[in-house]
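The listed protein sequences derive, respectively, from chains H and B.
So that you can map any letter, position 248 of the first sequence is 248 in this note's numbering, and since no number is skipped, the others follow by simple counting.
So that you can map any letter, position 77 of the second sequence is 1077 in this note's numbering, and since no number is skipped, the others follow by simple counting.
Don't be surprised by glycine CBs; every beta carbon is placed ideally from N, CA and C.
Predicted, not measured: the structure shown is a model, and the values here were computed from it.
Shown next, in structure tokens, is the structure this report addresses.
2 protein chains.
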Amino acid sequence: MDGNALKSWLEIPGNSDFTIHNLPYGIFRSRDRTPRAGVAIGDYVLDLALLAKEGLLKGPGMDAAVFSDRYLNNFMALGKPVWQAVRHRIGELLTEGNTELKAYKEEALVPRDSVEMLMPVHVGNYTDFYSSEEHATNVGKMFRGPENALMPNWKHLPVAYHGRASSIVVSGTDIIRPKGQTKAPDAPAPSFGPSKRMDFELEVAFVIGKSTQMGERISTDEAEDHIFGFVLFNDWSARDIQAWEYQPLGPFLGKNFASSISPWVVPLEALEPFRIPGRAQYPEVLPYLKYKGHHSFDIPLEVAITPDNGEETVVCRSNFKNLYWNICQQLAHHTVNGCNLEVGDMMASGTISGQAPDSFGSLLELSWGGKNAVKLKDGSERRFLEDNDSVIMRGGAEKGGIRIGFGEVRGKLLPAN
Amino acid sequence: MDGNALKSWLEIPGNSDFTIHNLPYGIFRSRDRTPRAGVAIGDYVLDLALLAKEGLLKGPGMDAAVFSDRYLNNFMALGKPVWQAVRHRIGELLTEGNTELKAYKEEALVPRDSVEMLMPVHVGNYTDFYSSEEHATNVGKMFRGPENALMPNWKHLPVAYHGRASSIVVSGTDIIRPKGQTKAPDAPAPSFGPSKRMDFELEVAFVIGKSTQMGERISTDEAEDHIFGFVLFNDWSARDIQAWEYQPLGPFLGKNFASSISPWVVPLEALEPFRIPGRAQYPEVLPYLKYKGHHSFDIPLEVAITPDNGEETVVCRSNFKNLYWNICQQLAHHTVNGCNLEVGDMMASGTISGQAPDSFGSLLELSWGGKNAVKLKDGSERRFLEDNDSVIMRGGAEKGGIRIGFGEVRGKLLPAN
């Protein structure tokens, strides 16, 4: 570690995603205790409900009761100054030399492998963007042919659609293969049955921490004040259902059966060391989409598949920086018509594909519509997911001795019921 | 009135939507009282919180506290047997000869013109169907040309998409004209400004009263057990924003700035007298979309426009029966992939257009994309909505002396901010 890295009195494994620079929030349940808020640190969860009860998290605007809630929403609604103060205070409590937790250590630090993680936020509305040029181009080529791959609007606005909030589940939740209508291009009529083209989509989502009223616009300058933090997001997709249903109003049953998120919400502040300039954007965007500063992040991401009782194979290595539209542009666009946001809303990036063929963030792209086999370590091949495959997504970055990570989002695809 | 019609000891105006056969639920606030549940009856609101407190709504499965909630969700979650028992009991209390309300009459019956109506349900997720063949055909012709008007999937499945739940507002809420990107077909690049093609969409929405788990399917036979009741729904649309943004993922900013609903949720039971057979469906639908019985409803609907300080003109006369897909098919389709539903979810029909040109449920269709003028009584013309226009939708039916109605959903379009 170099001079920038803080040290904790708690032993944190060298490869841990959850260093003192990260401090992500989640909702956990241990033994017979009720759900409560915690922060991941090394191999432990720091129990914020207990800390608040013991008076260790006092401060202006604080409401100690929020850490005993089922969701983080009421904590987020306290506002950015409180998020900053709590984050600063937790860092202080964990920093080498601080002894304030000594008396509570056994109780306040719960082994992470002993707890159950729950959905961290109540998602009011979920929006899915489509902000990777490579993904949009790849899918466009396959669904509509190379001449219509990227729609004329794509480089003028961050295309997005509303998804289903009720079926967003936390990592570890099993996913059931959906049934639905599909139609092969040469079939005379659609047929019904389990999807044969099950896929993942590698995305990163951010969580809204500050609401707006109807008619209110968020500028690109203000956007980051509305963003609480980030999770990994697997937008499970049934490609055959999607292809038949999606015109003219967009994806519906091909997507809304499930999406999975990682349980730890990584604060925007934790990503600061990884800010980088965004991609050049041509043609020039309209004034409301222009921005100052750096709002892209250099965070490597990967996707692995583990067959039932099998070995894990990483099938995709991408990066959060592979997005054409940044988070500030996404929020400015979402609210430019006066659409109101609520604390807990989730904004997913869309599949994050890069230019290299092994950086494509979905099997649809990796297998190029099922044409090419993706080889797994056990010798088997995938064009789409098979029953009992687990999909694992991870993300994390290191720079100047500072390491942070998202942990993982994991889900197993069960056979159709 | 004929022999089927019940009589109340309360005087109910002959043209009232809110007869003893209707008994719709809403959330109201009067003077300095907190919001609470009520039932519309004639010119009054029956205060259910007060009735429950006085022990007049007891019964198996009942929780009197639900009527003091801010939303109807917890009442709905008690389940259909409770809805039926409460409805039966309220009818009993209001029927000629019953004297149980005598002691509370002044307090329990609040004049409707003295109360403020609030959003009746907390909408978790909002789905918009696209179930009128005439509407889909009309819009398809204008957006994609006559050869692609009705997509190949349209007669095989009830097309739908997810909309924005946070911007659904109750009747009477002002709507601000949205700004956004638009692009004329011959323009080299998009431009930014207030929408110039503001429109309404005449819809009816139903409210989910019984939730499902992920992986659970609702058959067409079971569907009505999940439906609590109905409201009128104005899906405000910015056609120029929609046309530029909607491909390939569907409508977003062209719709999500606002939708308006009528404040009174009309129970499914109240619509029983108006059931009629559905339209013939060719080609034959897949087995999961087949249904028994009658699930369409003969309920005339109308849309009026009132210019600022002007006279009202009815511009559209349609009917709820003008839908190709019925409510049971919509729910069976929505859940056939295992998508879970939650109490309070709202399912809108899509614009309800008939075959007659004056039955088209949007200005886009009435003016045929702005080509034809819609004449108002004050001599002015509309192709799309003008600033300070109010849009009023109404619906109601009468049969065998039994009359029920939805009341109205009203909204005024304010200039862009």
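Closer than 8 Å to the CB of S1166 (chain B) there is at least one CB belonging to chain H. Annotation for P1081 (chain B): the continuous alpha helix (DSSP H) segment containing it runs 1080-1094. For F1018 (chain B), DSSP assigns no beta-bridge partner whatsoever.
Interface annotation, P1273 (chain B): not in contact with chain H, CB-CB separation never under 8 Å. Of all residues in the region 1147-1171 of chain B, the ones placed with a Cβ closer than 7 Å to any Cβ belonging to chain H are M1151, N1153, H1156, L1157, V1159, A1160, Y1161, H1162, G1163, R1164, A1165, S1166, S1167, in chain order. Proximity to D221 (chain H) across H:K412, H:K399, H:L10, H:C328 peaks at H:C328, based on C-alpha coordinates.
Counting only runs of 3+ residues, the beta strand (DSSP E) found wholly inside the region 1346-1399 of chain B occupies 1346-1348, 1390-1399, in chain order.
Under the Cβ criterion of 8 Å, Q213 (chain H) is not counted among the residues facing chain B. Residue state for T1335 (chain B) is assigned as helix, using DSSP reduced to three classes.
Annotation: I1227 (chain B) has no Cβ neighbours in chain H at a cutoff of 9 Å; minimum Cβ distance is about 17 Å. Here the region 47-58 of chain H makes contact with the region 83-100 of chain H; the two share three or more CB pairs at distances below 8 Å.
Note that the C-beta distance between P267 (chain H) and P81 (chain H) is not below 8 Å. Within the region 1228-1242 of chain B, A1238, I1241 place their CB atoms closer than 8 Å to a CB of chain H, listed in sequence order. Nearest Cα to D1298 (chain B) within the set B:P1287, B:N1322, B:G1310, B:V1314: B:N1322. In the DSSP secondary-structure assignment, Q1181 (chain B) is bridged to B:F1192. Less than 8 Å divides the Cβ of F18 (chain H) from the Cβ of A40 (chain H).
Proximity to L1010 (chain B) across B:G1038, B:V1045, B:P1035, B:F1028 peaks at B:V1045, based on C-alpha coordinates. Among the bridge pairs identified by DSSP, Y1044 (chain B) is matched with B:I1041, B:P1111.
Chain-order list of chain B residues neighbouring F206 (chain H): empty, with the shortest C-beta distance near 17 Å, by a criterion of under 7 Å.
The beta carbon of A373 (chain H) sits closer than 8 Å to those of S367, E381, R382, R383, all from its chain and outside the five residues before and after it, given in chain order. Not flagged as an interface residue toward chain B: P277 (chain H), since no C-beta distance is shorter than 8 Å. Rounded to whole angstroms, the gap between the alpha carbons of A136 (chain H) and H156 (chain H) is 14 Å.
Under the Cβ criterion of 8 Å, Q1247 (chain B) is counted among the residues facing chain H. By the Cβ rule, the region 1232-1242 of chain B counts as touching the region 1187-1203 of chain B, because three or more pairs are nearer than 8 Å. The beta-bridge partner set that DSSP reports for K1412 (chain B) consists of B:S1390. Contacts with chain H at 8 Å (Cβ-Cβ) do not include L1413 (chain B). Residues of chain H with a Cβ closer than 7 Å to the Cβ of L1118 (chain B) do not exist; the shortest Cβ-Cβ separation is about 15 Å.
In this structure, the alpha-carbon of E1216 (chain B) lies about 37 Å from that of G1172 (chain B). The beta-carbon of W1083 (chain B) is placed no less than 8 Å from the nearest beta-carbon of chain H. Neighbours of K179 (chain H) in chain B, taken as residues whose beta carbon is under 7 Å from its own, are V1336, N1337 in chain order. Within 8 Å of the CB of N73 (chain H), no CB atom of chain B is found; the nearest one sits about 13 Å away. Setting aside the 5 residues that flank it on each side, A304 (chain H) is surrounded in the same chain by E312, T313, V314, V315, I392, each with a C-beta closer than 7 Å to its C-beta; the list follows chain order.
With fewer than 16 other Cβ atoms inside 10 Å of its own Cβ, G14 (chain H) counts as exposed. Within chain B, S1166 have C-beta atoms less than 7 Å from the C-beta of E342 (chain H), given in sequence order.
With respect to chain H, the C-beta atom of Y1130 (chain B) has a partner C-beta closer than 8 Å.
For N319 (chain H), the uninterrupted beta strand (DSSP E) segment begins and ends at 313-319.
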